[in-house]
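A.B. asks: The sequence shown begins at 182 in this note's numbering and counts up one residue at a time.
Ideal placement from N, C-alpha and C gives every residue a C-beta, glycine not left out.
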Amino acid sequence: MAKTIKSAVADTLEDLAKGNFEKFCHQLLDRREPPRVKRNRVEDKSRLQVTDALVSIFTEEGALRVTLEILKQIGCSEEAKELEEATGGNSSKPAPTDDKNFVDKHRVELTKRVSNIAPILDELLDNEVIDQETYTRIRALSTTQDKMRELYSGPLQAADCKKIFYDILLANEKFLVKELSEKD
């Protein structure tokens, strides 16, 4: 049976040599695409604490994707392959372009059917997709549908933001995302 993504990532980081773990943390801090990882989440932290930070910042699926990407960048291809096998192929999550296409393709259904908007807005703020002013303005709207429309009319214009939004949807509305994905 496949391991959970979090435990597989933790095991992989535990198995890295000290030098490779340091390279991994350096690459993690050096990532340019959002969400960025703050130094205090990684520096002088244990491998389990770094795993927790990865999952907290990127969601489980995102943590797997980022971990695989960094392992390959630092020359740990064998570890990346083992991680992929340990997660039962869970890394075959759609590529970022597919995330963007999903968010665009299902705009009407997502606007109508997303119900858990508060934590989604919180995570968008934490990931710097929206600023405090936008967060406050959207929260003040009366219906979930109005909040979703406002997200689509502004912050969700950029491809990177759509990718982050997709990852947040996976964490907060996984059954809706699954149902819409199955329709494709």
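For E354, I'd like the list of residues in its chain whose CB is within less than 7 Å of its CB, leaving aside the five on either flank, ordered along the chain.
C.D. replies: So the qualifying residues of the chain are V295 and N297.
A.B. asks: Any idea what DSSP makes of I301, helix, strand or coil?
C.D. replies: I301 falls in the helix class under three-state DSSP.
A.B. asks: From F283, L322, A339 and V190, pick the residue whose C-alpha is nearest to that of L350; which is it?
C.D. replies: Of F283, L322, A339 and V190, the residue nearest in Cα terms is F283.
A.B. asks: So does the stretch 308–324 actually touch the stretch 203–211, counting three or more Cβ pairs closer than 8 Å?
C.D. replies: Cβ pair count under 8 Å is below three, so no.
A.B. asks: For Y333, which of D285, L229 and F239 has the nearest alpha-carbon?
C.D. replies: Y333 has its Cα closest to that of D285, out of D285, L229 and F239.
A.B. asks: So for H287, helix, strand or coil by DSSP?
C.D. replies: Residue state, collapsed to three classes: coil.
A.B. asks: With a 10 Å radius around its C-beta and 16 neighbouring C-beta atoms as the bar for buried, classify E195 as buried or exposed.
C.D. replies: With fewer than 16 other Cβ atoms within 10 Å, it is exposed.
A.B. asks: Need the endpoints of the alpha helix (DSSP H) that G243 sits in, please.
C.D. replies: Where G243 is concerned, the enclosing alpha helix (DSSP H) stretches over R228 to Q254.
A.B. asks: Apart from the five residues just before and just after D307, which ones in its own chain have a Cβ nearer than 8 Å to its Cβ?
C.D. replies: Correct list, in chain order: P216.
A.B. asks: Report the residue from G243, K204, E263 and K262 whose alpha carbon sits nearest the alpha carbon of R228.
C.D. replies: Comparing Cα-Cα distances from R228 to each of G243, K204, E263 and K262, the minimum goes to K204.
A.B. asks: Would you mind stating whether K253 and A261 have Cβ atoms separated by less than 7 Å?
C.D. replies: For K253 and A261, yes; Cβs fall inside 7 Å.
A.B. asks: Distance, Cα to Cα, A352 vs T240?
C.D. replies: Taking the straight line joining both Cα atoms gives about 7 Å.
A.B. asks: Using a Cβ-Cβ cut-off of 8 Å (strictly less than) and excluding sequence neighbours within five positions of I255, which residues of its own chain qualify?
C.D. replies: These residues qualify, in order along the chain: N201, K204, F205 and Q208.
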